[in-house]
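Under the numbering used here, the final residue of the sequence shown carries the number 299; numbering is consecutive throughout.
Beta carbons are placed, not taken as given, at the ideal position from N, Cα and C, and that holds for glycine.
These figures come from a predicted structure and were not determined experimentally.
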Amino acid sequence: MQSVRDIAEEIVAREGGFVNDPDDPGGATNFGVTIHTLRRLGLDLDGDGRVDVADVRRMTRARAVSLFIEHYYHRPGIDRLPEALRASVFDMQVNAGANAVRILQSLLREMGQAVAVDGVIGPRTVAAAEAAARAAPDHIADAYGIARRSYYFRLAEARPALRKFARARSGAKGGWIRRAEAFIAPRYHLSDGDFEERVAQW
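The following block contains the structure:
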């Protein structure tokens, strides 16, 4: 079993260093920590009285790991979910905020669980996730990962500027899709042909 710190270290490694892509809704980002996160938390890292891109550049790998554990794992309550789901939901929480939990709640509803799709992990969501994990212990993580992948496709289809995150310039799977499939058993990965067919209209 991985520790939460191990998972957070992997997330930071997956996110990489400083980027400031104008098409990325997260804005300036370093080790996965966005400028919006710094502003929300009031983290003025250079002490100049404002939170801006300079503060994003000062983010360190170690600080990012600690920030994610506190604000994206413990505070949202991901530690209350079944173990099989924690790594993937944690990774998605970093990548997509409360949409990570909404994706899970939508999946649980599809599985017959009565939960609200509100992005909040409360007692009902925890109980529903536990019930789903008991019913499909070998499949719940795959089901969530596939739901993540579908979310990325829908996002890219709705906003063409974001398609570069789902499909690489070479035409192969982009970072979003590879990220989702990192949490899906290989037998459920899209083949190159299936992926090409999925994005053919882009």
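Check whether the Cβ atoms of residue i and residue j sit closer than 8 angstroms, and answer yes or no.
i           : j           : result
residue 130 : residue 159 : no
residue 280 : residue 242 : yes
residue 101 : residue 170 : yes
residue 148 : residue 141 : yes
residue 235 : residue 285 : no
residue 255 : residue 263 : no
residue 133 : residue 144 : no
residue 265 : residue 120 : no
List the DSSP bridge partners of residue i.
i           : result
residue 127 : 130
residue 264 : 270
residue 116 : 126
Compute the minimum distance between the beta carbon of residue i and the heavy atoms of the ligand COA, and state whether it is under 7 angstroms.
i           : result
residue 262 : The ligand COA is absent from the structure shown, which contains no ligands of any kind.
For chain C, check one thing: does any of its Cβ atoms lie closer than 8 angstroms to the Cβ of residue i?
i           : result
residue 208 : Protein chain content of the structure displayed is limited to a single chain, and chain C is not contained in it.
Quick one: give me the first and last residue of the alpha helix (DSSP H) that residue i is part of.
i           : result
residue 276 : 272 to 278
residue 211 : Element bounds for residue 211: n/a, residue is neither H nor E.
residue 254 : 237 to 255
residue 290 : 289 to 295
residue 190 : 180 to 193
residue 164 : 158 to 165
residue 153 : 150 to 154
residue 224 : 220 to 232
Drop a sphere of 10 angstroms on the beta-carbon of residue i, count the other beta-carbons inside from all chains shown, and report buried for 16 or more, exposed for fewer.
i           : result
residue 156 : buried
residue 205 : buried
residue 173 : buried
residue 287 : buried
residue 52  : Given that the chain is displayed from residue 98 to residue 299, the structure contains no residue 52 and the question cannot be resolved.
residue 310 : Outside the shown range of the chain (98 to 299) lies residue 310, about which nothing can therefore be said.
residue 152 : buried
residue 139 : exposed
residue 209 : exposed
Are the region 180 to 198 and the region 103 to 123 touching, with three or more C-beta to C-beta distances below 8 angstroms?
yes
Mind the definition here: the region 224 to 232 touches the region 172 to 191 only if three or more C-beta pairs lie below 8 angstroms; say whether that holds.
Output reads yes: the region 172 to 191 touches the region 224 to 232.
Is the region 235 to 251 touching the region 194 to 211 in the sense that three or more CB pairs, one from each, lie closer than 8 angstroms?
yes
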